[in-house]
Amino acid sequence: MRNPLIFASFLLAIHSSVAAGPPLEGSPAEHLPPYITQLTAFGERPDWSPDGKRLLFLSKTYGDVMEIDLATRAIHNLTAHFPHVGFARALYLPNGDILLSGPDSFDPKHPAEARIHCFLSVLDKSLTKPPAPLGIRCNEGPAVSRRRLHIAWTEWLDQPTSDVSPRSSQISEADIVYEEGAPKLANQRLALSSGELPFDCTMETQNFRPPDERELTFSAYTKKGGASDVCGVDLATQKVTKYTDTPDEYDEPEGIYPDGQHTLVECDRQNHLGNGHIDLWRLALDGSGDYQRLTHFSDHKDYKASNPVVSDDGRFFAFQMGHAGESAGVGHGVFVYDIEKAAAAGP
């Protein structure tokens, strides 16, 4: 094992498997450490407002977009003023508007079809009109710049040929501009095609890497429902970096720290049971493979922690609680992790 990144991952996997004990009974929400606070008993996919005072979240997959005021804990429904079939993502734009991703139709007998056929739109912060469509399809989550009106998204181009083969996919980026108050895309360009990679995978856009946003992190799903790796693409040169290389492990990047030195990762290295049994780890983006486990929800039988996002001041991250066996992204409550309190508490 001459690759230091793989060797470090190997040692951590051994340590995690030795340290693991029998699953704990009950909900992790009933046994929270002092640095984790539960905000809601429902909802999923949180996102921080730029000022750190509010969180967006979905009431459920294909549900309404909610916003919680962190000072008062008041919750407001932001999408109740127009008819829709539900949303899969909601992310703040730097100007206060909200980028939405959702299907234009929904068949409850085939919910997966709606999940992978979503379209992007912009909801005006006045909440006085329906969202304006951007005219593009987005598979899974888009990425939003925290400092400019710029987004990236992934489109899957075909169906996989088997249960383990990846989909062909491509990542694009563009600016959002306003003409007579209406949002539209400008300067659209292809950032990366999976066919240009030296390995087979299905890609999912994640985050622009701060502070200069020259790199975009993405998930590389190497087989259906199984392994995933943390990758980044230099948007100027299209050079791709694999920050993990774990063919038998689930590593999916999510929220990124504002200094760009670390990303949060949904990971199953503590149990190697797949993406239904993940917890949140912090991964250094310096190529060292340095990992630190942050949550222990998967120690409880049939629970997991997922979908973390870091506040712009780097003091907190929000995430959700999920149940093993449910579709990825389904959540049952929003939580906030105090990074400074956790550091003071020690390992």
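Here the sequence shown is numbered in the working numbering, starting from -14 and rising by one per residue.
Every residue, glycine too, gets a C-beta built ideally from N, C-alpha and C.
These numbers were taken from a predicted model, which means no experiment stands behind them.
Problem - Distance, E15 Cα to G166 Cα - result: 47 Å
Exercise for the section: Whole angstroms is fine: what's the gap from G318's alpha carbon to L24's? Expected result: 7 Å
Practice task
Could you round the C-beta distance between V315 and G307 to whole angstroms and report it? I think they count as a contact, below 8 Å.
Solution key: 6 Å
Practice task
Select from V162, K227, H135, H281 the residue whose C-alpha is nearest the C-alpha of F193.
Solution key: H135
Exercise for the section: Please list, in chain order, all residues of the same chain as D143 whose beta carbon is under 7 Å from its beta carbon, the five residues on each side excluded. Expected result: R152, S153
Handout entry: P79 and F282 closer than 7 Å at C-beta
Key = no
Practice task
Determine the closest residue to E311 out of D275, V70, A59, E29, with distance taken between C-alpha atoms.
Solution key: E29
Problem - Contacting residues, own chain, Cβ-Cβ under 7 Å from L175 (five flanking each side not counted) - result: Q155, S157
Exercise for the section: Kindly indicate which residue of G245, W33, R278 has the alpha-carbon position closest to the one of G272. Expected result: G245
Problem - Start-to-end residues for the beta strand (DSSP E) that takes in I263 - result: Here I263 belongs to no beta strand (DSSP E), and DSSP marks it neither H nor E.
Exercise for the section: Starting from A327, trace the beta strand (DSSP E) both ways and give me its first and last residue. Expected result: Unbroken run through A327 is the alpha helix (DSSP H), 324 to 330; no beta strand (DSSP E).
Handout entry: Neighbourhood of P116 by C-beta distance below 7 Å, restricted to the same chain and skipping five residues each side
Key = L85, S106, V107, L108
Exercise for the section: Report buried or exposed for L258, applying the criterion of at least 16 other Cβ atoms within 10 angstroms of its Cβ. Expected result: exposed
Exercise for the section: Would you identify the three-state DSSP class for H317, choosing helix, strand or coil? Expected result: strand
Practice task
Provide the residue(s) that pair with T248 in DSSP beta bridges, ordered along the chain.
Solution key: I241, L268
Problem - Unbroken alpha helix (DSSP H) run spanning A159, endpoints - result: Per DSSP, A159 belongs to no alpha helix (DSSP H); it is in the beta strand (DSSP E), 154 to 164.
Exercise for the section: Classify A176 as helix, strand or coil using the three-state DSSP reduction. Expected result: strand
Handout entry: Proximity below 7 Å, CB of D253 to CB of H262
Key = yes
Exercise for the section: Return the chain-ordered ranges of every beta strand (DSSP E) run that is complete within the region 37 to 116 and spans a minimum of 3 residues. Expected result: 39 to 43, 50 to 54, 60 to 62, 74 to 77, 83 to 87, 103 to 108
Problem - Which of helix, strand or coil DSSP assigns to A171 - result: strand
Exercise for the section: Could you pull the start and end residues of the beta strand (DSSP E) that H308 belongs to? Expected result: 301 to 308
Practice task
Quick one: residues in its chain with C-beta nearer than 7 Å to the C-beta of N62, no 5 flanking neighbours on either side, listed in chain order?
Solution key: D49, M51
Exercise for the section: Look at the alpha carbon of W419 and the alpha carbon of Q191, and state the distance between them as a whole number of angstroms. Expected result: For residue 419 there is no data in the structure shown, the boundaries of the chain being -14 and 332.
Practice task
Whole angstroms is fine: what's the gap from L(-4)'s alpha carbon to R58's?
Solution key: Summary for L(-4): the model assigns pLDDT 43, below 50, so the residue's position carries little reliability; its value from the coordinates is reported in the next sentence. Going from the Cα of L(-4) to the Cα of R58 covers about 42 Å.
Problem - Under 7 Å between C-beta atoms of T229 and V218 - result: no
Practice task
Flag this pair as yes or no: are the beta carbons of S204 and Y235 separated by less than 7 Å?
Solution key: no
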